[in-house]
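Engineer: Sending over a structure as structure tokens; questions will come in a sec.
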Amino acid sequence: MSKLIIGRYIPGDGPVYRMDPRGKLLATFIFIAIVFLANNWQTYAIACGFCLLAVIATKLPLKTFLQGIRPLVWLILFTALLQLVFTTGGHVYWHWGIFSITSFGLVNSIFIFLRFLMVILISTVLTLTTMPLEIAAGMESLLKPLKYLHVPVEQIALVMAIALRFVPTLMDQTVKIMNAQRTRGVDFNEGGLIQRAKAFVPIIVPLFIESLNVALDLSIAMEARGYQDDKPRSRYRSLHWSHYDLYNLGFFVLLTVLLIIFREH
Amino acid sequence: MSFNLVEVNNLTFTYRDEKQPALEKVSFALPAGSWTAVVGPNGSGKSTLTRLLDGLLWPDSKHSEIKIAGERLTKQNVWSVRQQIGIVFQNPDNQFVGATVADDVAFGLENQNFPPEKMQERIEQALAAVKMQDYAGTEPSRLSGGQKQRVALAGITALRPKLLILDEATAMLDPQGRRDVIALIQQLRQDYQLTVLSVTHDADEAALADQVLVLSHGKVKATGTPADLFSQPDLIASLGLKPPFVMDLKQRLAAKGIEVPAEITEEQDLVNYLCQLSSTK
Amino acid sequence: MSIIFNKVSYLYNQNTSLEQPGLQDVSFKLKTGSFTAVIGHTGSGKSTLLQHFNALLKPTSGSVEIAGFKIDAATSNKGLKPLRQQVGIVFQFPESQLFEETVEKDIAFGPQNFGLSEEEAHKRARLWLRRVGLSQDLATRSPFDLSGGQMRRVAIAGIMASEPAVLCLDEPAAGLDPQGHQQIMQLFKKYQAAGHTVVLITHDMDDAARYADDVLVMDHGQLVKHASPAEVFADPDWLHRHHLEQPATVAFSQALARAGMQFEHLPLTRSELVQAICQQVKGAGQ
């Protein structure tokens, strides 16, 4: 569990760390969209080059990113493989029933593989360099227009922030309860599917009760500390645009323009 | 010291679905700057009392009165009155709202719509006051229980309240954490002229108070100084309190026929007294 | 059969950037039927040590011999039930492990997992409900309707009902009132007297002095002392260096000794202390 890199924040000081979370969030979404503009070797090379630049700009060791990709590598390969054997057209290298390997299929599967890889890398850049709290704040800010549709954006953001805050606490609690039940003879590695599922009842029930207790205590503590959901609140973490965000913007304009110029029409 | 920061008159409260009131005709006053300990067995109404003082619960009838800084607590002024009160609860984890130490201290300030440009300074000051300035960016899961309670105190002092309520704030801490937090509260009390109300099971914590309020079955059973209280061993036992070591030893000696004068309450005095007794043959 | 820790080291998050030592080269031997207190400040490695007693954690290097089992880095995670039947652990705030519909079912959960028939397990449950000092009326109640102190006792009964040869306890009395505290500690002492081995993690030096005949002192994941309570608690400076305190009784006895009173041996409990004082004072008066 602790080896999973996706969704983890690692402190650092690369230029990406200094970018505003709103900018980074937007950039990630835009990248995921415009990567679909790439449709030939030139455009894929440009997108990959850009992706690599983003990785370098985190100043984190490449190893960290590889660790992040590893758990997903089979999923990527599987998708690429499907693409490989089901795409028809071009020169046929190999053929068996409905499966075939063709030159189109080969190129397509490499493109799919690269696209997948880039999307994962860029998302990892975002999560590695942005605290969950900042992502929540960035989301809140970006979703602000929804307030006019009476969506309680601020409350949702606070709920998100508190949920993130309690993830480690509840993880600790889960480990603790699992150890306690193991001591009482529960074996999570034993028996068939039903037995294993049943073994989780002694975990889920205490965890649920604990969560309820946390929620009750927390709501009282929050009220005692003056929280009112319908009153304006000032913010400690204010978001500020800086010149790093201009670089971010500049790169994306450049990337989009390059992709449009070089893609096959 | 001349005025009462808190005055409670005739306070009665009954939980929904309960027949017996949790508190019945409770009256007391907290002189400004004083330290009052509230003791009593589980279910005696101690926590209910703190919640009523903060307007988290409301008394049964209009005849009950809670005055804070001269102002009667009502549903209209509860939010402004609440700004004068800070509460530290028992469970260190379940009152820690922020994702980091600084964010948690900020939470109360944000609720008061405190100007963001002044926030950083206020937070640093508050963290320095509880000696947690090196942990501003730390996540709560990396802190000990004692450290979390210190952050809770920072969050409170940042808001400059007049009344500090400790609702069994040290009950879940290890001895070291408990000593640290209690020493810190004594310091903060001086620095910020706080009036303290501490609900506690810890005799050593109660011993620090100027007055002790004994609750039993929702009623005030006794009030007095800690020395008064600890001279009544039967009362102490009935409250589920562990008597301080010296008091306990005096009782055990008395049972064996060695009567120690009541004025001896400190450990060193008892040592001297006993040694004198054994050497005067 | 005694418990042997042989050069046990444990690393948290081994082979990651978050690697951290939990235990370092810990070796000791506990006699069967002994009552051992494990003391040390928060974060000294006491809880990590405890989890090695029934293979919830396995040593990164070194080995643990307990109840006829030998656990080392290569031990499989499967087939550990017999070990856990022999070594029970009551964790801190064990009330958070309760989950069954009734108190009796919850206490019977462990014994039943360890192979007792339903009938036998429920018989055990009622027996231990009584032994932890709870009324039989509670057997059919939901554990979540009980008070905090009652829930604690139910959870403790849930471990003791399996009647493990080794009973490990992590701060079992934390948060109980003085009477409850004493009752529950007496229960463990009685369990020891019946021939079982008891290991108690505690912050309460008075408890360590009063109930234990053997003390392990942990600091920074290392075992810094293994000796009798009298020996461990005699030196206040050494204890302070390891962020520990003397029991009140011992500190007071030493103050008396400095002021001229003489003791044959250091009183560890309050009744011993009172007795020693009476001998001096009354003996002098007669």
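Protein chains in written order, with this note's numbering: chain A, -12 to 252; chain B, 289 to 569; chain C, 10 to 295. From the three backbone atoms N, C-alpha and C, an ideal C-beta is built for every residue, glycine too. Just so it is clear, the structure is predicted and the values come from calculations on it, not from any experiment.
Is any beta-carbon of chain B found at less than 8 Å from that of M(-12)/A?
Structural biologist: Low local confidence applies: a pLDDT of 36 at M(-12)/A is under 50, so the model's placement there is unreliable, and no value is given.
Engineer: Tell me the DSSP secondary structure of R224/A in three-state form.
Structural biologist: Reduced to three states, the DSSP call for R224/A is coil.
Engineer: Between the region 54 to 87 of chain A and chain C, which residues of the former have a C-beta closer than 7 Å to a C-beta of the latter?
Structural biologist: none
Engineer: Can the beta-carbon of L253/A be found less than 8 Å from the beta-carbon of P8/A?
Structural biologist: There is simply no residue 253/A to check, as chain A begins at -12 and stops at 252 in what is shown.
Engineer: Cβ of N95/A less than 8 Å from any chain C Cβ?
Structural biologist: So no, N95/A is outside the interface.
Engineer: Check the DSSP bridge columns for H3/C and list the partner residues they point to.
Structural biologist: Limits of chain C in this structure are 10 at one end and 295 at the other, which puts residue 3/C out of reach.
Engineer: Roughly how many whole angstroms lie between the Cα atoms of I470/B and G512/B?
Structural biologist: 21 Å
Engineer: Output, in chain order, the set of chain C residues within a Cβ distance shorter than 8 Å of K163/A.
Structural biologist: Residues of chain C passing the Cβ test: F100, S105.
Engineer: Where DSSP assigns a beta bridge to S105/C, which residues make up the other side?
Structural biologist: Looking at the DSSP assignment, S105/C forms no beta bridge with any residue, so it has no partner.
Engineer: Would you say V559/B faces chain C, with C-beta separation under 8 Å as the test?
Structural biologist: Cβ-Cβ to chain C under 8 Å: yes for V559/B.
Engineer: Does DSSP put S(-11)/A in a helix, in a strand, or in coil?
Structural biologist: A caution first: S(-11)/A carries a pLDDT of 43, below 50, which makes its placement in the model too unreliable to give a value.
Engineer: From the beta carbon of R222/A, is the nearest beta carbon of chain B less than 8 Å away?
Structural biologist: yes
Engineer: With 8 Å as the threshold, decide whether the Cβ of D217/A is near any Cβ in chain B.
Structural biologist: no
Engineer: What did DSSP end up calling L155/C once you bin it into helix, strand or coil?
Structural biologist: Here L155/C sits in coil by DSSP.
Engineer: Helix, strand or coil for E281/C? Go by DSSP, reduced to three states.
Structural biologist: helix
Engineer: Quick check on this structure: which residue in H212/C, F272/C, Q145/C has the alpha carbon closest to the alpha carbon of K55/C?
Structural biologist: H212/C
Engineer: For G1/A, collect the residues of the same chain with a Cβ closer than 6 Å to its Cβ; drop the 5 residues on either side in sequence, then sort them by chain order.
Structural biologist: A44, T45, K46
Engineer: With P319/B as the anchor, note down where its beta strand (DSSP E) starts and where it stops.
Structural biologist: 311 to 319
Engineer: Take A124/A as the anchor and find which of K185/A, R222/A, Q70/A, V173/A has the nearest alpha-carbon.
Structural biologist: R222/A
Engineer: Spatial neighbours of Q295/C within its chain, please: C-beta separation below 6 Å, excluding the five flanking residues on both sides.
Structural biologist: Because Q295/C carries a pLDDT of 43, less than 50, the predicted location of this residue cannot be relied on, and the following value inherits that uncertainty. Result list for Q295/C: empty, nothing under 6 Å.
Engineer: Which residues of chain C have a Cβ atom closer than 9 Å to the Cβ of L562/B, listed in chain order?
Structural biologist: L265, A268, M270, I286, Q289, V290
Engineer: In this structure, does DSSP put P532/B in helix, strand or coil?
Structural biologist: coil
Engineer: Whole angstroms are fine: how far does the CA of G230/C sit from the CA of Q191/C?
Structural biologist: 30 Å
Engineer: Using a Cβ distance threshold of 8 Å, determine whether the region 176 to 186 of chain A contacts the region 199 to 207 of chain A, with at least three qualifying pairs required.
Structural biologist: Short answer: they don't touch.
Engineer: Return yes when the Cβ of L232/C is within less than 8 Å of the Cβ of F78/C, no when it is not.
Structural biologist: For F78/C and L232/C, no; Cβs fall outside 8 Å.
Engineer: Compare the C-beta of G119/C against all C-beta atoms of chain A and say whether one is closer than 8 Å.
Structural biologist: Judged by the 8 Å Cβ criterion, G119/C is in contact with chain A.
Engineer: Quickly, what does DSSP pair P30/C with across the bridge? List them, please.
Structural biologist: L20/C
Engineer: Helix, strand or coil for R206/A? Go by DSSP, reduced to three states.
Structural biologist: Note on identity: in this sequence residue 206/A is Ser, with Arg being the wrong assignment. In the three-state DSSP reduction, S206/A falls in the helix class (H, G or I).
Engineer: Taking A280/A as the query, report the chain C residues whose CB atoms sit under 7 Å from its CB, ordered along the chain.
Structural biologist: There is simply no residue 280/A to check, as chain A begins at -12 and stops at 252 in what is shown.
Engineer: Give me the subset of the region 189 to 215 of chain A whose CB atoms are less than 8 Å from a CB atom of chain B, sorted by chain position.
Structural biologist: Only those residues of the region 189 to 215 of chain A whose C-beta falls short of 8 Å from the nearest C-beta of chain B are listed: N200, V201, D204, L205, I207, A208, M209, E210, A211, R212, G213, Y214, Q215.
Engineer: So is S566/B in contact with chain C if we call contact Cβ pairs under 8 Å?
Structural biologist: yes
Engineer: Run the CB neighbour count on I248/A, radius 10 Å, all protein chains shown included, and call it buried at 16 or more, exposed below.
Structural biologist: Exposed, by the Cβ-count rule.
Engineer: List the residues that DSSP assigns as beta-bridge partners of F86/A.
Structural biologist: W83/A
Engineer: Just checking: is the beta-carbon of H505/B within a distance shorter than 8 Å of some beta-carbon in chain C?
Structural biologist: Chain C contact via Cβ: absent.
Engineer: For L529/B, count neighbouring Cβ atoms within 10 angstroms of its own Cβ and tell me buried if that reaches 16, exposed if not.
Structural biologist: buried
Engineer: Quick check on DSSP: helix, strand or coil for K50/A?
Structural biologist: Three-state DSSP puts K50/A in a helix.
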